[in-house]
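Written below as C-alpha cells is the structure these notes are about.
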Amino acid sequence: MKCDAEKVIYMDNNATTRIAPEVVDSMMPFLTECYGNPSSMHNFGGQVAGAVEQARQQVSNLIGSEVSEITFTSCGTESDSTAILSALQAFPDKRHIVTTRVEHPAIKNLCENLGRLTGHKYRVTRLPVESDGTLDMARYQEALSDDTAIVSVMWANNETGVIFPVEKMASMAKEHGILFHTDAVQAVGKIPINLKDLDIDFLSLSGHKLHAPKGVGVLYIKRGTPFVPYLTGGHQEEGRRGGTENVASIVGLGRACDLAAEMMKEENDRVRAMRDRLEEGLLAAVPKSMLNGHKTDRLPNTTNISFEFVEGEAILLHMNLYNICASSGSACTSGSLEPSHVLRAMGVPFTAAHGSIRFSLSIYNTDEEVDFVLGKMPPIIAELRELSPFWEGN
Amino acid sequence: MWEYTDKVQEHFLNPQNVGEIENPSGVGDVGSLACGDALKLTLKIDDEERIVDAKFKTFGCASAIASSSALTIMVKGMTVSEAEKITNDDIADFLGGLPKEKMHCSVMGREALEAAIADYRGVILPMAEGEVVCECFGVTDLDVIRAIKESDLRSVEEITNFTKAGGGCGKCEDKLRDILQETISDTAVKPVQIEGPKRMTTLQKIKKIEEVLEREIKPALKKDGGDIELVDVDGDFVMVSLRGACTSCAKSQTTLKEYVEKKLRELVLDTLIVEEAK
C-alpha cells in the first residue's frame, strides 16, 4: 500500500504521529532476525530481554522515574484501565473516584461503565471546567474525601491542549491518602516531566503519540504503590502485566523517548512558534473565529479554533483537498447532534462547536507548511460561508 | 472518513448555482442551525411554468452541500410538473449514491424543492397538513409514509437515516414502527426486520429526564422551597443545578443522590449518574 506521506501536511499529531525514521531503524532487528522470546532460557531469546530492559531505562529517563517503575502495556487505554481498577481493588472499602468532565474516552467511559457494571457501587465526581478549559482548584479540594480511592486527571487535554496542574493536584490527593493517576499520553514528549519528587502514583503514556509505533504503552507505577494487575497470565513485567512482550515496539518506544528528550527544546521553541504563528494568523485573517482553551497553560503544539456558521466535516474535506490533515470536534450523522464533550463542558456555543478544527503540530512540520495552511484556510472558510444561509457577510 | 462518490466530492468542492435569486418565483427554506443542516432554495419560473433558474444556500456537511448543488442542476430547464416528480432517491442517484447515514441530506433537497414549488403556487404543502410524528425535526406521518414507499424502507433505523425522524429524542420510535407496519402491509408483504432494544440517544435521555423532573421531582422539591434544573446530559452523566432553598441546604448532596438519582434510575434509565453542574 502507498500512502504518499511526503505529499501530506500533517497537523493531526494529537491523533497519532509519524514513526521517527530512527525508531524504525531501532526496531528492524526485532522484526527480522532477533525474534526470540525474552522469557526463554536460551541465549537466542534471552538476549532480547536486554533490549527490553534498555528501553525501560530510556522511558524512565524521559519521565524522571526509576527503571523498576516502568511497566509496558499495549496502549494508553490499557494503562488507564489498569491504574483505576488496581486502585479500586487495593482499597475495596473506598467507593469514590474523582476525575474531570474533559477526560479522554479511555477514562470517561471506564468511569461510566464502572457504575453500570457494579450496580453503582462507585460514586464518580467529574470536575467541571471553566470556559477556557481550566479547573477550579477549590472545587477539586472539596471533592476529595476519605471515601475517595483514586483521582484521575489528564496531564494535558487532547482536544484543546490545556494543561492541568497535576503536580499540585497529586500532592493535594496525597494529603488525604488518595492515589493519583494521570493520563499523560498528550503531555509526554511535548513538555518536560520529572516524576522523581512528585506525588503522582500512576501515569499512562502511549507510544504512537511520540513518534513510536501504535500498540505499545506504558504504565508508570510509583514504587510502593499498592498494585493489582489487570492482565494476569505469565510472569512478564515482574508479574504486573501478563502477555509476551511486544519487543519491537517496546524497543522503538525506548528510542522515541531518547529522541523526545533531545527534541524537547525544539518542541517548546520552534514548534510553539509555528503553532502561535498559525493560530494568530488564522484568528486575524478569519472573522468570527475564536480560540478554544487557555492561551498559555497549554501544550506547545496544539491549537483548537472555531469558525462560526460552517460545519467541521465540510472544512476538513476542503483541507483534505490540499492534503492538510487536522481534526474536528463535530460529527454529522442523521441522529447525532453531539459536538465534542470537551467543547460542551467548556460551554462553547453550539454554532461555534460545529465548526471547530484542531491543529496539532510536531517537529516534522515546517514554516513553509504553516504558510501554506495560513494561505489556504481563510478562502476555505470564506467559500463555505458563501454557501451558508446563516452567514450575513463580515 | 466518509466514503463519498466522486460525484459527491465534485459537487461538494465545486457546487453549482450557489446564491439567492432576487425576486424569486418560489422559495423553499428547510432545516435549521440546531438541526445541524439547513437549505434555502430559490427558483425562477417563467410564464410557461418552466424553471429557468435555481440557486441554493446550505449549512451542513459535504453531502448536504452536494445534494443541494445536484438538485439545482436537475431542476433547471424542467417544467414545474416535471420537477414535482423528483424524489430524494433521484437526487442520491444523480450523485452516484450517498452513505446511508447521510440519506437525509437528499430528503432535505426534495423537501426544499417541494416547499419552493408550493410557495410558487401559493398553496400549503400537503405534508405540512400531516400529523407531526417527530417533534425534534418536525417530521410528519405523511413524510414518513412517503419515504417508506419511495425508498422501500424496512426498519425504524432506515426511516431515521432518510428522514431524521426518531434521530433526536426518539420518543416517536413506537409510532414510527406502527406507521412502518401499516404502510408495508398496505403495499407489499415483506417481512419486517425485528429490531433489538436500541440504546437511548442523549436527546432521548434529555426528554425523558425532563419529563420526570417536571412530573415527579420538581413538585417534591418545591414543597421544601427548593427547585432543580437540568443543565446537560453527557453519556450516563446527568448534570443538574439545584435552586432555591436547596442551594443553602446542607443535605442537598443527599437529596441529589438519594432522591433525584434514585428516581431517575427508576423511571428513566438504570445506569444514570446524577451530578451537580458548576
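As you go down the protein sequences, you meet chains C and S in turn.
The first sequence maps to residues 22 to 415 in this note's numbering.
The second sequence maps to residues 305 to 582 in this note's numbering.
Built from N, CA and C at the ideal position, the CB exists for glycine as well.
Sequence-distant residues of the same chain with beta carbon closer than 6 Å to residue i, five excluded per side
i, result
"L226(C)", "A205, V206, V209 and V239"
"I510(S)", "V537"
"M49(C)", "none"
"E562(S)", "none"
"A373(C)", "S327 and E329"
"R481(S)", "V460"
"S373(S)", "H315, P319 and Q320"
"V145(C)", "I118 and C132"
Closer than 9 Å to chain S by CB, residue i
i, result
"V394(C)", "no"
"T323(C)", "no"
"R379(C)", "no"
"A335(C)", "yes"
"I214(C)", "no"
"G356(C)", "Low per-residue confidence applies at G356(C): pLDDT is 46, beneath 50, and the placement is therefore not dependable enough to give any value."
"T146(C)", "yes"
"N344(C)", "no"
"H202(C)", "no"
"K129(C)", "yes"
"V183(C)", "no"
Any chain C beta carbon closer than 9 Å to residue i
i, result
"V544(S)", "no"
"D310(S)", "no"
"K555(S)", "no"
"G340(S)", "yes"
"R481(S)", "no"
"P495(S)", "A caution first: P495(S) carries a pLDDT of 49, below 50, which makes its placement in the model unreliable, though a value can still be read off. For P495(S), the answer is no, since every Cβ of chain C falls outside 9 Å of its Cβ."
"I304(S)", "There is no way to answer for residue 304(S), as the model of chain S reaches only from 305 to 582."
"L343(S)", "yes"
"V322(S)", "yes"
"G500(S)", "At G500(S) the pLDDT is 49, less than 50, meaning the model places this residue with poor confidence and gives no usable figure here."
"T575(S)", "yes"
"I586(S)", "Because chain S spans 305 through 582 in this model, residue 586(S) falls outside it and cannot be assessed."
"D536(S)", "yes"
"F316(S)", "yes"
Short Cβ contact (9 Å threshold) for residue i with residue j
i, j, result
"G330(S)", "L343(S)", "no"
"F223(C)", "Y251(C)", "no"
"L320(C)", "I212(C)", "yes"
"F93(C)", "E266(C)", "yes"
"G474(S)", "L507(S)", "yes"
"R379(C)", "T323(C)", "yes"
"F441(S)", "A370(S)", "no"
"T444(S)", "E454(S)", "no"
"T121(C)", "L156(C)", "yes"
"G376(C)", "I336(C)", "yes"
"G10(C)", "N178(C)", "An answer regarding residue 10(C) cannot be provided, because it is not within the stretch 22 to 415 covered by chain C."
First through last residue of the beta strand (DSSP E) which encompasses residue i
i, result
"A36(C)", "Element bounds for A36(C): n/a, residue is neither H nor E."
"L534(S)", "G530 to D538"
"D445(S)", "Run containing D445(S): none in the beta strand (DSSP E); it sits in the alpha helix (DSSP H), D445 to S455."
"A342(S)", "D341 to I349"
"H117(C)", "H117 to T121"
"D397(S)", "Looking at the DSSP string, D397(S) is not in any beta strand (DSSP E); the run it does join, the alpha helix (DSSP H), is N392 to F398."
"M311(C)", "S310 to L312"
"C438(S)", "V436 to C438"
Residue range of the alpha helix (DSSP H) that includes residue i
i, result
"R379(C)", "No alpha helix (DSSP H) contains R379(C), which is instead part of the beta strand (DSSP E) from S377 to S381."
"A159(C)", "M158 to A164"
"F393(C)", "D388 to L408"
"H63(C)", "Segment: none, H63(C) is in no alpha helix (DSSP H) and carries neither H nor E."
"A420(S)", "M407 to R425"
Neighbourhood of residue i by C-beta, 8 Å cutoff - its chain only, sequence neighbours within 5 removed
i, result
"S385(S)", "E353"
"Q75(C)", "V272 and G275"
"A583(S)", "In the structure displayed, chain S extends from 305 to 582; residue 583(S) sits before or after that span and is not available."
"G67(C)", "G57, P59 and S61"
Reference residue i, options the options, closest by Cα
i, options, result
"E565(S)", "V535(S), I513(S), K526(S) and D528(S)", "I513(S)"
"P59(C)", "A373(C), A72(C), A281(C) and D290(C)", "A72(C)"
"V150(C)", "A282(C), I128(C) and T181(C)", "T181(C)"
"A420(S)", "I355(S), L345(S) and V356(S)", "L345(S)"
"I40(C)", "S270(C), E404(C) and G414(C)", "S270(C)"
"K311(S)", "A554(S), F398(S) and V356(S)", "F398(S)"
"S410(S)", "G381(S), V334(S) and I521(S)", "V334(S)"
7 Å Cβ shell around residue i - same chain, five flanking residues per side excluded
i, result
"T376(S)", "Q320, N321, A358, K359 and F360"
"M285(C)", "P213"
"S381(C)", "M32, D33, N34, N35, N322 and T323"
"P495(S)", "Note that P495(S) scores a pLDDT of 49, beneath 50, so its modelled location is shaky; the value from the coordinates is reported in the next line. Closer than 7 Å at Cβ, skipping near neighbours: no residue."
"F112(C)", "A170"
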